[in-house]
Structures are given as structure tokens and as C-alpha cells.
Amino acid sequence: MTGVLGHLNWRLQYERDIPIDRKGITQEYADGLVTAKFQAVQDLSGWGRHFPNQNLTVYAGAGWLFHNKNYFARPDNTGRALFRYVAHADLDLYKNKLVLYGDVNLFTDQNAGNQVVPTELDWIIGLAARWRNMELAVYHEQDQPLDRAGLVQKYLAVQLRVSFDFSKQDLGIGVAKPTAAVQ
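Going by our numbering, the first residue of the sequence shown is number 31, and it counts up by one from there.
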């Protein structure tokens, strides 16, 4: 579930990661996240004059994993994640058709001495080509511990995404039924 209030966004999410062969570790959590958003086109008066075909969108925020059976605080599957700090940036290189983007996720360990200090850094940098409701992206992701040496996971990926929306009307929710006129 998500919501927007001005420049603030919120999200409640449940995630369960299960190996395809069901023989490995299953990770499960629920969290709440609040972020603040900045868009150059809307928030900087001169942006459109200087960069007519580009935009910069940035958001950052924090969240709490309020239900966490075993979502780990580090890539080596140690600790238990408690807080999440996020940052994201999209730089439209041309009319939202070619976009350079980056993501940062930091997790803290509820078993650590200081529960607010990050123990894991996950970062992504990518380039996406967008057309209509599709996006083809190539990106690099790296997950690494911050509080000690350990396993670093990294990979390069190609991803195709297709976006779609369902409106309340599509689902028959909140649609007023016509009533007969009273005479």
C-alpha cells in the first residue's frame, strides 16, 4: 500500500523471498517507509529554461521493519534488519526516454550495540531506455557489509519492465451507480 501527501510518500510492504527449489533460506518481513521527494521541474523555477528536455527526481527516507522473521542485516545472512534508509535519483537525459538512475539501501541490525548505525549498503547504478509503458535497463548492483569485512555480492543485469495500472473504476470500486430520478 502506498500514499502521497505533497512531497511525502509512504509505503507499507510485505515481502517474502523464497528460493525456486524451496531448499534454501526464506526471508520474510513487513515494513513501513516514509520518503521526501524532490523534482527539479516542479521545485526549481529555472530548471525548465536551462534543461528543457531533462528532469532530476530524488527521494530519500527511512523505514522500520516492524515484522521481521529473518530478513538479514548483512549480505552474509547475519543479524536481523531493523531500520532501512533509502535514497534514489533519476536523471532524465532526454525527455524521460533515456534515464540514468541510482539507488542506495542501508540496513541496520537490531542485534547490534547501536541499532541505528547501518550494517549493510546495497547500491545500484543503471541506465534505462523507456518507451510507452516499457523500460529496458542495464544496471550494476552491489551489496556489502559496512561494520566488518565479509561477503560482497555484485552483479550486472539487464531488465525489461512493463508498467500497468488498475483504476478503482476498472475494479468496480468507488463507482457510483446511477439512480432513478425522483419526480
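Built from N, CA and C at the ideal position, the CB exists for glycine as well. Since we're looking at a predicted model, the values are computed, not measured.
Could you tell me the distance, in whole angstroms, from the CA atom of residue i to the CA atom of residue j?
| i | j | result |
| --- | --- | --- |
| proline 49 | isoleucine 55 | 7 angstroms |
| threonine 26 | tyrosine 124 | There is no way to answer for residue 26, as the model of the chain reaches only from 31 to 213. |
| glycine 156 | valine 188 | 10 angstroms |
| asparagine 135 | leucine 42 | 16 angstroms |
| arginine 178 | valine 88 | 29 angstroms |
| leucine 74 | serine 193 | 28 angstroms |
| glutamate 171 | glycine 76 | 34 angstroms |
| leucine 95 | tyrosine 44 | 10 angstroms |
| aspartate 47 | arginine 79 | 45 angstroms |
| threonine 32 | glycine 62 | 10 angstroms |
| asparagine 83 | asparagine 126 | 8 angstroms |
| arginine 52 | tyrosine 169 | 27 angstroms |
| tryptophan 161 | leucine 128 | 9 angstroms |
| phenylalanine 68 | glycine 36 | 10 angstroms |
| valine 147 | phenylalanine 81 | 38 angstroms |
Apart from the five residues on each side of it in sequence, which residues of its chain come closer than 6 angstroms, Cβ to Cβ, to residue i?
| i | result |
| --- | --- |
| leucine 166 | Ala159, Leu190 |
| lysine 99 | Glu58 |
| tryptophan 40 | Gly33, Val64 |
| valine 116 | Gly91, Asn135 |
Using a threshold of 8 angstroms, state whether the C-beta atoms of residue i and residue j are closer than that.
| i | j | result |
| --- | --- | --- |
| valine 64 | alanine 90 | no |
| arginine 114 | proline 175 | no |
| glutamine 183 | aspartate 173 | yes |
| aspartate 122 | isoleucine 154 | no |
| leucine 112 | glutamine 145 | yes |
| tyrosine 131 | alanine 119 | yes |
| leucine 86 | alanine 66 | no |
Report the CB separation of residue i from residue j in whole angstroms; it is logged as a contact under 8 angstroms.
| i | j | result |
| --- | --- | --- |
| leucine 201 | aspartate 106 | Incorrect: roughly 43 angstroms between the Cβ atoms, too far for contact. |
| alanine 60 | histidine 97 | 4 angstroms |
| aspartate 152 | arginine 110 | Incorrect: roughly 16 angstroms between the Cβ atoms, too far for contact. |
For residue i, I'd like the list of residues in its chain whose CB is within less than 7 angstroms of its CB, leaving aside the five on either flank, ordered along the chain.
| i | result |
| --- | --- |
| threonine 108 | Phe102 |
| glutamine 72 | none |
For residue i, collect the residues of the same chain with a Cβ closer than 8 angstroms to its Cβ; drop the 5 residues on either side in sequence, then sort them by chain order.
| i | result |
| --- | --- |
| asparagine 163 | Val192, Ser193, Phe194 |
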